[in-house]
């Protein structure tokens, strides 16, 4: 049986590889791919669901500014609610202009509002359409993205004040669309089609959410961005990369109810059909010049409208911030299938969601997410106390028998088999399990990763302040030796390229490294000098690695280390183990030799 230090080292190294991959490999790769796709292109009308995409356009003219594109695209109806503002384009009745009033680009309250939807002709168009498709082979004219609707009245769209749009296809079908909005992020689209002709009409209602090009944001392997939706209770979430190869076929699925759309880290647009409807849905990428149009769409079953009859269909559009309480409210009130999966809870969702709920409750009680993280750390320590107790108990026993282990190694240094047999006999006699101290780490890692997900992906943590210089717990510590630890007025993480961001080590990552170093001094030191050197480097490695982590996670880990030092000290004393923490803080012999430290 190998020494338990080897297993600890393997676990720690695995964690380093897993978390370090994002910043040293995945980050630069994603950034390069994003730059490749950021070229401008001329955009054509969106393909209707189930229809083939239009041919690519070779030209790549300069894009208009967003305000110029809004003016050029045509007449609009103003949207104004407590949560969003923008406009609805009458051509196509398209949602292509939407800003989020209560969310800013930076922590500065005077910075620009978050832009969700943007029109065609701007740099990164993003929009949603609702309409009808005529029966294949039919000459019935149906409203599409080129249809110019007329408005009844001239009121703006706001809560309690819907707008009514009309269009006559000239063939006896009169389309009436009523659009309403609540005070959050939900639009309701109710279509009525009156058949005044002498023949039956067959129409398929559809909806689509489309985006031209990949947005210019920093991408992380730990975060899903791209398509998102639910079909028959199953998550459908292809990424942009799933369509990077030319000619990639659409990813189709059928479902009863569900929803689909496109998601960013904190924002989402999703079309929501009636939940009892049969759908044919698809996520697809269509070529458009040097970039691609990413489109999520569904088509409902056929509606046959007899002469003299009227057909009605109601759909919804979620367009806004992924606030957990709002998402859950819509899920329950509209009975939307698994709408909570709009938030990327990750692999450990059974852990991540409860952790977020608890953290959110603590924040409401304490009024500060930073304090909530500290309290959550205490709760996690209490939950894992039995496991940690077994771990520290094992470490204490290992430290007590360490002198005997050294004697056995010295006695049988030329006979590994006898050395191993003597070790096993000693473990059995002293009732020591060298692996028992390592196994708890394997249980704690999922909790650590889940908390990382909570802090990294939940909107509630965005721009949440702590105390002092931490004004955004979801962002890295803004202090660094590069800006003289905050004395110079710039954020080094905004200046350094992604692959060098780890060099910007803030105050909290330094404190985390110190607390981790203190914790290592309570553990039995490996007898192997090479192992000892490697373990002594771990706090330094983690300090650099945590430099790019959200400040909230670094604060959690620092506070957790301090609690662990206290807990381990008490447990080891209870086991009768002498703890020489002050003596252990002295540099090891190999390090004293490097720097020529004198003895005595």
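Numbering (the numbering used here), first residue to last: 1436 to 2035. C-beta: ideal position from N, C-alpha, C; glycine also.
Of the residues the options, the one placed nearest residue i, counting alpha carbons only
{"i": "residue 1697", "options": "1740, 1794, 1732", "result": "1732"}
{"i": "residue 1788", "options": "1767, 1976, 1889, 1614", "result": "1889"}
{"i": "residue 1900", "options": "1578, 1807, 1602", "result": "1807"}
{"i": "residue 1636", "options": "1742, 1551, 1522, 1623", "result": "1742"}
{"i": "residue 1909", "options": "1646, 1499, 1701", "result": "1701"}
{"i": "residue 1793", "options": "1782, 1571, 1813", "result": "1813"}
{"i": "residue 1537", "options": "1757, 1569, 1683, 1704", "result": "1757"}
{"i": "residue 1790", "options": "1729, 1628, 1884, 2006", "result": "1884"}
{"i": "residue 1940", "options": "1973, 1897, 1984, 1898", "result": "1984"}
{"i": "residue 1780", "options": "1552, 1759, 1811, 1924", "result": "1759"}
{"i": "residue 1534", "options": "1601, 1699, 1755", "result": "1755"}
{"i": "residue 1819", "options": "1691, 1777, 1999", "result": "1999"}
{"i": "residue 1428", "options": "1858, 1797, 1817, 1850", "result": "Residue 1428 lies beyond the range of the chain shown here (1436 to 2035); nothing can be said about it."}
{"i": "residue 1634", "options": "1522, 1708, 1739", "result": "1739"}
{"i": "residue 1778", "options": "1597, 1671, 1566", "result": "1671"}
{"i": "residue 1665", "options": "1766, 1836, 1924, 1886", "result": "1766"}
{"i": "residue 1736", "options": "1723, 1745, 1744, 1712", "result": "1712"}
{"i": "residue 1891", "options": "1843, 1658, 1610", "result": "1658"}
{"i": "residue 1519", "options": "1689, 1903, 1622", "result": "1622"}
{"i": "residue 1603", "options": "1614, 1577, 1592", "result": "1577"}
{"i": "residue 2006", "options": "1803, 1832, 1864, 1608", "result": "1832"}
Same chain, Cβ closer than 7 Å to residue i, five either side skipped, listed in chain order
{"i": "residue 1944", "result": "1912, 1978, 1981, 1982, 1989"}
{"i": "residue 1770", "result": "1710"}
{"i": "residue 1897", "result": "1701, 1909"}
{"i": "residue 1507", "result": "1499, 1556"}
Nearest-angstrom beta carbon gap, residue j and residue i [assumed within contact, 8 Å]
{"i": "residue 1421", "j": "residue 1750", "result": "Absent from the model: residue 1421. The displayed extent of the chain is 1436 to 2035, so no value can be given."}
{"i": "residue 1616", "j": "residue 1747", "result": "That pair is no contact at about 19 Å."}
{"i": "residue 1785", "j": "residue 1647", "result": "Going by Cβ atoms, the distance from residue 1785 to residue 1647 rounds to 37 Å, so no, they are not a contact pair."}
{"i": "residue 1620", "j": "residue 1753", "result": "6 Å"}
{"i": "residue 1685", "j": "residue 1718", "result": "7 Å"}
{"i": "residue 1564", "j": "residue 1693", "result": "The pair is not a contact, with the Cβ atoms about 18 Å apart (cut-off 8 Å)."}
{"i": "residue 1524", "j": "residue 1511", "result": "6 Å"}
Residue interval of the beta strand (DSSP E) (run including residue i)
{"i": "residue 1636", "result": "1636-1647"}
{"i": "residue 1702", "result": "1702-1707"}
{"i": "residue 1747", "result": "1745-1756"}
{"i": "residue 1520", "result": "1519-1524"}
{"i": "residue 1568", "result": "1561-1569"}
{"i": "residue 1729", "result": "1726-1735"}
{"i": "residue 1777", "result": "Counting along the chain, residue 1777 falls outside any beta strand (DSSP E), and DSSP gives it neither H nor E."}
{"i": "residue 1530", "result": "1529-1539"}
{"i": "residue 1914", "result": "Run containing residue 1914: none; DSSP gives neither H nor E here."}
With 16 other Cβ atoms within 10 Å as the buried cut-off, status of residue i
{"i": "residue 1381", "result": "Lying outside 1436 to 2035, the shown extent of the chain, residue 1381 is not represented and no answer is given."}
{"i": "residue 1915", "result": "buried"}
{"i": "residue 1650", "result": "buried"}
{"i": "residue 1572", "result": "exposed"}
{"i": "residue 1529", "result": "buried"}
{"i": "residue 1867", "result": "buried"}
{"i": "residue 1994", "result": "buried"}
{"i": "residue 1540", "result": "exposed"}
{"i": "residue 1799", "result": "exposed"}
{"i": "residue 1660", "result": "buried"}
{"i": "residue 1547", "result": "exposed"}
{"i": "residue 1463", "result": "Bear in mind that the predicted position of residue 1463 carries a pLDDT of just 47, short of 50, making it unreliable; the figure below should be weighed with that in mind. Exposed, by the Cβ-count rule."}
{"i": "residue 2087", "result": "As displayed, the chain neither begins before 1436 nor continues past 2035, which places residue 2087 out of reach and without an answer."}
{"i": "residue 1851", "result": "exposed"}
{"i": "residue 1624", "result": "buried"}
{"i": "residue 1640", "result": "buried"}
{"i": "residue 1673", "result": "buried"}
{"i": "residue 1630", "result": "buried"}
{"i": "residue 1975", "result": "exposed"}
Close Cβ partners of residue i (< 8 Å) along its chain, the five nearest in sequence each way excluded
{"i": "residue 1763", "result": "1774, 1775"}
{"i": "residue 1861", "result": "1836, 1839, 1840, 1843, 1867"}
Nonlocal neighbours in the same chain, by C-beta distance under 6 Å from residue i, ignoring five residues either side
{"i": "residue 1626", "result": "1612, 1748"}
{"i": "residue 1526", "result": "1509, 1583"}
{"i": "residue 1504", "result": "1554, 1556, 1557"}
{"i": "residue 1905", "result": "1986"}
{"i": "residue 1680", "result": "none"}
{"i": "residue 1720", "result": "1678, 1727, 1729"}
{"i": "residue 1675", "result": "1649, 1661"}
{"i": "residue 1809", "result": "1994"}
Limits of the unbroken alpha helix (DSSP H) element including residue i
{"i": "residue 1805", "result": "1804-1818"}
{"i": "residue 1679", "result": "Run containing residue 1679: none; DSSP gives neither H nor E here."}
{"i": "residue 1759", "result": "1759-1768"}
{"i": "residue 1669", "result": "Careful: residue 1669 lies outside any alpha helix (DSSP H), inside the beta strand (DSSP E) at 1669-1671."}
{"i": "residue 2000", "result": "1986-2009"}
{"i": "residue 1662", "result": "Note, residue 1662: premise wrong, no alpha helix (DSSP H); beta strand (DSSP E) at 1661-1666."}
{"i": "residue 1847", "result": "No alpha helix (DSSP H) contains residue 1847, which DSSP labels as neither H nor E."}
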